[in-house]
Structures are given as structure tokens and as C-alpha cells.
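Engineer:
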Amino acid sequence: MDSGTTIHVGNDLGRFTNIRPPMTGDFLWAGNTRVWIKAYGSVTLRVDSADGHRLLYLENVAYCPDLHCSLVSFRILRRQGLWWDTKSDPTILRRSDDSELAVLHEKYGQWILELNDAEARAAFSTQQPTRRTAVRKRAEAIVWHKRLGHPGSDALEHLVNQSEGVKIVGSPQ
Numbered sequence: 033m034d035s036g037t038t039i040h041v042g043n044d045l046g047r048f049t050n051i052r053p054p055m056t057g058d059f060l061w062a063g064n065t066r067v068w069i070k071a072y073g074s075v076t077l078r079v080d081s082a083d084g085h086r087l088l089y090l091e092n093v094a095y096c097p098d099l100h101c102s103l104v105s106f107r108i109l110r111r112q113g114l115w116w117d118t119k120s121d122p123t124i125l126r127r128s129d130d131s132e133l134a135v136l137h138e139k140y141g142q143w144i145l146e147l148n149d150a151e152a153r154a155a156f157s158t159q160q161p162t163r164r165t166a167v168r169k170r171a172e173a174i175v176w177h178k179r180l181g182h183p184g185s186d187a188l189e190h191l192v193n194q195s196e197g198v199k200i201v202g203s204p205q
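By the count of the working numbering, the sequence shown reaches residue 205 at its end, each step adding exactly one.
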């Protein structure tokens with residue numbers, strides 16, 4: 033869940049229904065990088081709740097395969113009468129009548145509505161990097177923050193700990 037994004041964003045076209053093309057030139061900003069919107073559609077999330085699981089239906093979700101994470105706009109949810117209860121433990125997404133809709137999970141410094149086993153579906157390189165294709169692996173924290181779709185500092189630390197040869201300098205703030 034993201035309090036700064038103005039639109040829901042998804043990066044897995046297989047999750048979309050009611051797909052429609054974007055207007056010519058539709059894009060969003062991720063830091064100072066333009067990310068092209070390839071389509072719009074609806075996405076259904078399976079969220080945890082105190083009594084099991086519920087479905088959260090999102091409309092007008094931008095499909096951006098170049099963004100490394102999907103985002104649920106708190107701003108849009110708020111306009112629909114939902115609110116983010118950060119005083120409760122666990123943190124809860126609530127309806128306007130204060131009833132619970134979903135439990136949020138904190139992972140790598142981010143609030144997550146739907147937990148997915150991303151590591152089980154991780155992609156891998158099919159060729160060895162060459163001098164021409166190799167990506168520089170040492171960069172300022174803010175550069176990695178922007179490259180990876182704005183993860184928190186815990187996620188950047190996880191990247192360093194789980195990767196070989198990655199060095200991050202400084203703080204993303």
C-alpha cells in the first residue's frame with residue numbers, strides 16, 4: 033500500500049481483467065523516471081483478515097510492467113471510505129464504519145496487502161553479462177531506491193545481503 037501514489041499500479045498482466053488500452057502518452061513518474069502505462073484494467077487482491085481471507089477489487093489499475101512492484105493507492109481507497117488504522121496491532125485497513133477489511137503485513141519496511149511468494153517466481157538471467165550488458169552494481173542508495181520502484185531501506189538492505197557484488201552507498205532519504 034502506498035500513501036504517495038495517485039493511481040493503483042500492477043506489473044503482472046495475468047492478474048488483470050477488463051483490460052483496455054491507455055490513452056496515447058499515458059505514463060506515471062517513479063522518482064524522476066517516466067514509466068509508461070501499457071493498459072488499464074481491474075485486479076482482485078486476496079487479502080488477509082481476522083476471519084480468514086477476503087477479496088479486494090481494484091478498478092482503473094495501471095499496467096506498468098517496467099515497475100518492479102505493484103502499488104495500491106491509499107489516496108484512492110480513502111476516497112472510497114477506507115482508512116489505514118496504524119494505531120491497531122496488527123495494522124488494519126478499515127471501512128468507514130470502523131469494521132475490518134484487511135490486515136496489512138510489514139515486509140522490508142513496506143505495508144503489504146497481499147503476500148506473494150516472489151522468491152518462488154523470481155526470474156533469472158539466461159545469459160552471462162558482458163562488458164556491454166553488465167549493469168553497474170555500485171550506486172548511491174537513492175539510485176537503487178529509484179531503480180527498484182521505491183522500496184524502503186529494509187528492502188535495500190535485504191538486496192545487499194542476498195546479492196553477490198551489490199554495494200549501496202549512503203541512505204535513500
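Note that beta-carbon positions come from the ideal geometry of N, C-alpha and C, so glycine has one too.
1. What three-state label does DSSP hand Gly46 in the structure shown?
2. Do you know how far the Cα of Phe48 is from the Cα of His40?
3. Please classify Ile182: is it buried, with 16 or more other beta-carbons within 10 angstroms of its beta-carbon, or exposed?
4. Please return the same chain residues whose Cβ sits closer than 6 Å to the Cβ of Asp34, not counting the five positions on each side in sequence.
5. Take Tyr89 and list the residues in its own chain whose beta-carbon comes closer than 6 Å to its own, dropping the five residues that flank it on each side.
6. Identify every run of the beta strand (DSSP E) within the segment 40 to 116, keeping only runs that are complete inside it and at least 3 residues long; order them along the chain.
7. Going by alpha carbons, who is nearest to Gly42 out of Tyr72, Ile108, Thr123?
8. Pick from Val135, Met55, Leu136, Ala173: whose alpha carbon is nearest that of Asn92?
9. Between which two residues does the beta strand (DSSP E) holding Arg126 run?
10. What I want to know is whether the C-beta of Val135 ends up closer than 7 Å to one or more non-hydrogen atoms of the ligand MN.
11. Near Leu60, what residues of its chain come up, given a Cβ to Cβ distance below 6 Å and the 5 sequence neighbours on each side ignored?
12. Where does the unbroken beta strand (DSSP E) through Glu132 begin, and where does it stop?
13. Pull up the CB-CB distance for Tyr140 and Asp186, whole angstroms please, since I reckon it's below 8 Å.
14. Should Glu138 be labelled buried (16 or more other beta-carbon atoms within 10 Å of its own) or exposed?
15. By how many angstroms is the C-alpha of Leu125 removed from the C-alpha of Trp116?
16. Does DSSP put Asp129 in a helix, in a strand, or in coil?
Structural biologist: To lay it out plainly:
1. For the purposes of this step, residue 46 is identified with residue 14 of the sequence shown, where counting begins at 1. When secondary structure is reduced to three states using DSSP, Gly46 falls in the helix class.
2. The residue you call residue 40 lines up with position 8 of the sequence shown. The residue you call residue 48 lines up with position 16 of the sequence shown. It is roughly 12 Å from the alpha-carbon of His40 to the alpha-carbon of Phe48.
3. The residue given as residue 182 occupies position 150 in the sequence shown. It is worth fixing the name first, because residue 182 is His in this sequence and not Ile. Label assigned to His182: buried.
4. On the sequence shown, residue 34 is found 2 positions in, with the first residue counted as 1. Closer than 6 Å at the Cβ level, and outside the excluded window around Asp34, lie Leu103.
5. The residue labelled residue 89 in the question sits at position 57 within the sequence shown. Around Tyr89: Thr76.
6. Along the segment 40 to 116, the beta strand (DSSP E) occurs as fully enclosed runs of 3 or more residues at 48 to 52, 59 to 62, 65 to 68, 71 to 81, 84 to 95, listed in sequence order.
7. Here residue 42 corresponds to residue number 10 of the sequence shown, with the count starting at 1. Between Gly42 and the set Tyr72, Ile108, Thr123, the nearest pair of CA atoms involves Tyr72.
8. The residue given as residue 92 occupies position 60 in the sequence shown. Asn92 has its Cα closest to that of Met55, out of Val135, Met55, Leu136, Ala173.
9. Taking the first residue of the sequence shown as 1, we reach residue 126 at position 94. Where Arg126 is concerned, the enclosing beta strand (DSSP E) stretches over 124 to 126.
10. Ligands displayed in this structure: none; no statement on the ligand MN is therefore possible.
11. Along the sequence shown, read from residue 1 onward, the residue named residue 60 stands at position 28. Taken in chain order, the residues that qualify are Val67.
12. Reading the sequence shown from its first residue, position 100 is the one you call residue 132. Run containing Glu132: 132 to 135, per the beta strand (DSSP E) assignment.
13. Within the sequence shown, the letter at position 108 stands for residue 140. Within the sequence shown, the letter at position 154 stands for residue 186. Distance from Tyr140 to Asp186 at the Cβ level is roughly 5 Å; contact confirmed, criterion being Cβ atoms closer than 8 Å.
14. The residue given as residue 138 occupies position 106 in the sequence shown. Exposure of Glu138 is indicated by the presence of fewer than 16 other C-beta atoms within 10 angstroms of its C-beta.
15. Taking the sequence shown and counting its residues from 1, one reaches residue 116 at position 84. Taking the sequence shown and counting its residues from 1, one reaches residue 125 at position 93. Their backbone Cα atoms lie some 5 Å apart in a straight line.
16. Residue 129 sits at position 97 when you count from the first residue of the sequence shown. Per DSSP, reduced to three states, the secondary structure at Asp129 is coil, with no helix or strand assignment.
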